[in-house]
Amino acid sequence: MESLTTHDALLVADIQNDFLPGGALGIRGGDDIVPVLLNYIDRFHSKGLPIFLTRDWHPPNHCSFRSQGGPWPPHCIAGSPGSLPPRAFETPLSAVIIYKAIDADREAYSAFQDTALGRHLKAIGVQRLFIGGLATDYCVLNTVKDARAAGYEVRLLMDGIKAVNLQPDDGPKAEQEMIRLGAVPVRLEAVAT
Ligand SMILES: [Zn+2]
């Protein structure tokens with residue numbers, strides 16, 4: 028069992044319509060993790076612990092789009108319906124939203140890249156991050172890498188992540204790499220209420 032302490036925070040990456048089935052970059056099964064993540068959010072919120080939600084938030088000419096030579100179809104254009112969380116993802120007003128990859132010429136898969144996340148975490152004394160969301164092989168992977176490099180303990184929410192899987196084993200490979208870097212896999216039932 029993992030008991031939550033005042034040095035813990037929850038980070039949920041990119042629960043946005045474009046990454047869910049039917050979205051511009053819909054991830055198969057992405058909607059399956061939404062209720063699980065809401066349960067994690069409840070646990071942290073009921074203990075008054077900080078919650079961070081990231082949003083991929085691009086200008087229409089973002090460098091990651093195919094029209095600009097990037098790998099992806101246009102997605103998560105700032106303020107568009109696809110950039111918003113689904114209705115079912117009702118989160119506490121106190122959750123901190125971290126917008127990433129907001130500049131046209133900069134890609135950012137990590138929630139730490141060009142954002143204030145690191146400063147927020149320092150300011151409130153966070154030492155351990157519970158990380159889940161979309162997608163295992165991009166935002167989650169790169170956020171976990173940066174969190175470990177910055178010295179945070181990491182718990183990886185195994186039941187709260189889903190992979191894009193451009194190659195079928197991208198997800199499992201990303202999980203292995205995060206665990207190799209020191210992320211400890213957890214599941215909801217192992218996080219004390
Ligand atoms: Zn993006």
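According to this note's numbering, the residues represented by the sequence shown are 28 to 220, in order.
The C-beta atom is built at its ideal place from N, Cα and C for all residues, glycine as well.
Counting by C-beta, which residues lie closer than 6 Å to a heavy atom of ligand 3, in chain order? Looking at this structure, you won't find ligand 3 anywhere; what it does contain is ligand 1.
Within the region 143-204, note down every full beta strand (DSSP E) run reaching 3 residues or more, in order along the chain. 155-161 and 180-189
Just to confirm, is the Cβ distance from I42 to V61 under 8 Å? yes
Taking the Cβ atom as the reference point for each residue, do N192 and A131 lie within a distance shorter than 8 Å? no
Tell me, which residues are paired with I78 by DSSP? L37
Which residues mark the beginning and the end of the alpha helix (DSSP H) in which Y67 is found? I60 to S73
Near N66, what residues of its chain come up, given a Cβ to Cβ distance below 6 Å and the 5 sequence neighbours on each side ignored? L215
Would you check if the distance between the CB atom of L31 and the CB atom of I78 is smaller than 8 Å? no
Is the region 136-150 touching the region 105-115 in the sense that three or more CB pairs, one from each, lie closer than 8 Å? no
Proximity winner among P199, V171, H85 and N44, relative to A138 (alpha-carbon distances): V171
Determine the direct distance from the alpha carbon of S73 to that of R82, and round the result to whole angstroms. 23 Å
Which first and last residues belong to the beta strand (DSSP E) in which I124 is found? V123 to K127
Reduced DSSP category for F92 - H, G, I as helix; E, B as strand; rest coil: strand
If I'm right that D35 touches L76 with Cβ under 8 Å, what's the distance once you round it to whole angstroms? 6 Å
Tell me the residue span of the beta strand (DSSP E) that contains P87. Unbroken run through P87: none, as it is neither H nor E.
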